[in-house]
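Numbering (the numbering used here), first residue to last: 37 to 394.
Virtual Cβ for every residue (Gly too), placed ideally from N, Cα, C.
The block underneath contains the structure these notes are about, expressed in structure tokens.
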Amino acid sequence: MTGFFYYDSPQNLSNFVNFSRPGSPLAWGFVHKTYVISLPHRDDRRVDIDKLMAHFEVENWVYHDGTYANTPFIKDTMRHVQSLRASADYSTSQTVHLPFSWPEDSEETYVSNQTITSAIPLSGSELWRADSVKDVVMPEEPLICAEDNFRLEKFSEELPQWRYLTTERVATYHSHLTAVRRIVDDNTKLGVDLHREPGKVQDHIALVLEDDIDMEVDIKARMAELMPLLPYDWDMLFLGFCWSKETEHAEIIGEYSRPIKNHLHPSFQPRCLHAYALSPAGAVRLLKHLRHPPYAYGRSVDLATEWLVWEKRLKSFTVVPPVIIQRKVTKTDITLVGGAHWPESLENGVLGTTGDEI
């Protein structure tokens, strides 16, 4: 089974729920807790994040320390990735499809009428140990990012740089994977119910941010128009994205009104993970996919989530245009080395970002 959801038209998205809660203490009107991925030494980034959180009077938020690329752990993780690719034979083809199947627990959608509050134990790549790959010999040429489920391409100097599986990309994958695991564990400690059914609001929504972002000044008002449009069983919501035509799927229209400045679409191929929300069940589903050994760390994490969305392994939606963008005003450690120039922009960013600066 490769997926559960079909996005052909808004008519398939029924059972909308109302997120409006008078007097709610939720950040931006819908977020229970915010997790900001940031390397511990990036005080320059954290100063701006502190300003954002203070501006919106966000109380329930934490820094999630990102993973450094030059650590033994990352090198060992790359050995694990290589060990799973050892059987790849390029003697007859430049491209190889290795055996692959998703684990049974990743098929759980949590759509039921039973309370689900049990803990999610460590599994898959979360249990990888350094001593089990100490004898793995790494190839002289760079590893190449996997595509699809487990399709590999033989190394060639003609491949673009973004196809290389670098230590920076593996470290970023680990930063996001551990952030999602932290969300899952935090929800478990609070006894958050994962089960979903029509008419039941998914509360305890988590927001994951990278540390180089800016937001629309009126993001709360914009999201208040969009959140009621989400179906009861959504997993992931992109508040920011890059390099994707996220209007490919039909816009979701409310019964009585249409949002003015931003619109909600079923996700198409969203890249970049600088701003995404997860429902409690969605966080568990994302974790179970990202940690799966044949899939884990084999590509950049934003391409990993993009494939999960494309294959409808996750029920994901995108805010268009984005209400949160990457600023790229300084060199980045979390995404591509050296930074990049994104085409997305803001109308009026809290930190003064409009898009002309990036």
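Residues that residue i bridges to, as DSSP identifies them
i    : result
A317 : DSSP, once it has assigned bridges, lists no residue as partnering A317.
R307 : C278
L243 : T70 and A313
P302 : F353
V147 : R232
G385 : E252
V83  : Its beta-bridge partners do not exist; DSSP assigns none.
M272 : L314 and S352
E183 : R187
A63  : V67
Y292 : Its beta-bridge partners do not exist; DSSP assigns none.
I360 : M251
Residue from the options with nearest C-alpha to residue i
i    : options                   : result
H325 : D141, L195, A105 and F92  : D141
P295 : L262, Q130 and E233       : L262
F274 : N223, V345, D247 and G227 : V345
L134 : P175, R187, T224 and G385 : R187
D248 : H285, L179 and V83        : V83
Q17  : K364, L339, Y331 and I360 : No information on residue 17 is available, as it lies outside the stretch 37 to 394 that the chain covers here.
L201 : F191, W343, G235 and I180 : I180
D222 : V98, G334 and N185        : V98
Q362 : D171, E194 and R307       : R307
P302 : D171, E347 and G235       : E347
S137 : T128, N185, R199 and T283 : N185
D112 : L195, D171 and Y268       : D171
A319 : R78, T128, E144 and G388  : E144
D250 : P61, H77, G65 and L88     : L88
Q238 : Y268, K256, T214 and W198 : Y268
H100 : H77, R199 and P108        : H77
T214 : L158, T107, I85 and T128  : L158
V169 : F277, Q197, W198 and P108 : P108
P139 : R321, G388 and K364       : R321
Residues near residue i by beta carbon distance below 7 angstroms, same chain, minus five either side
i    : result
L265 : F52, I288, G290 and L300
A124 : V132, L134 and L188
H91  : V386
N298 : R258, L262, V355, V356, P357 and V359
V94  : A63 and T70
E342 : Q305, P306 and R307
K195 : The displayed chain sequence assigns Leu, not Lys, to residue 195. These residues qualify, in order along the chain: I180.
T283 : H301 and V356
L49  : Because L49 carries a pLDDT of 38, less than 50, the predicted location of this residue cannot be relied on, and the following value inherits that uncertainty. Same-chain partners within the cutoff: P267 and I288.
Expected contact under 8 angstroms - CB spacing of residue i and residue j to nearest Å
i    : j    : result
R217 : A317 : Rounded, the Cβ-Cβ distance is 15 angstroms, inconsistent with contact.
A205 : S336 : A small fix is needed here, since residue 205 is Arg in this sequence, not Ala. About 5 angstroms separates the two Cβ atoms, so the contact holds.
P329 : S161 : 5 angstroms
M259 : T203 : That pair is no contact at about 36 angstroms.
E177 : T131 : Between T131 and E177 the Cβ distance is about 16 angstroms, and since that is not below 8 angstroms, they are no contact.
A182 : A105 : Not quite, the Cβ-Cβ distance comes to about 19 angstroms (not below 8 angstroms), so this is no contact.
Y209 : Y333 : 5 angstroms
L339 : V220 : At roughly 22 angstroms, the Cβ-Cβ gap does not stay under 8 angstroms, so L339 and V220 are not in contact.
K256 : G65  : 5 angstroms
8 angstroms Cβ shell around residue i - same chain, five flanking residues per side excluded
i    : result
N149 : H231 and E233
K281 : F304 and Q305
H212 : I73, V244, L309, L326 and V337
M174 : M114, R115 and Q118
N384 : E252, V253, D254 and T390
Y126 : V132 and K190
R199 : I180, C181 and E189
Residues near residue i in its chain [Cβ-Cβ closer than 6 angstroms; skip 5 each side]
i    : result
G59  : At G59, the pLDDT of 44 sits below 50, so the modelled position is not reliable and the matter cannot be decided from this model.
T371 : Unreliable positioning characterises T371 in this predicted model, as indicated by a pLDDT of 44, which lies under 50. The coordinate reading is nonetheless provided below. So no residue of the chain qualifies.
T224 : A155
F191 : E177 and I180
S110 : For clarity, residue 110 is Ile in the given sequence; the question names Ser instead. Excluding positions up to five away in sequence, the list reads T203, V206 and A207.
W279 : R307
I85  : V72 and D247
E395 : The structure shown has nothing for residue 395, since the chain only spans 37 to 394.
Y292 : none
N96  : K69
T128 : none
(Q) Contact between the stretch 59-72 and the stretch 240-249 is defined here as three or more beta-carbon pairs at a separation below 8 angstroms; is this criterion met? (A) Contact holds: three or more Cβ-Cβ distances are below 8 angstroms.
Q: Specify whether the stretch 306-314 and the stretch 151-169 touch according to this definition: at least 3 beta carbon pairs, one from each stretch, less than 8 angstroms apart.
A: No, the stretch 306-314 does not touch the stretch 151-169.
Q | Cβ contact (3+ pairs, closer than 8 angstroms) linking the stretch 212-228 and the stretch 141-156 | A | Because the criterion of three Cβ pairs below 8 angstroms is met, the stretch 212-228 and the stretch 141-156 touch.
Q: Examine the Cβ distances between the stretch 269-284 and the stretch 345-355 and report whether three or more of them are shorter than 8 angstroms.
A: Yes, the stretch 269-284 is in contact with the stretch 345-355.
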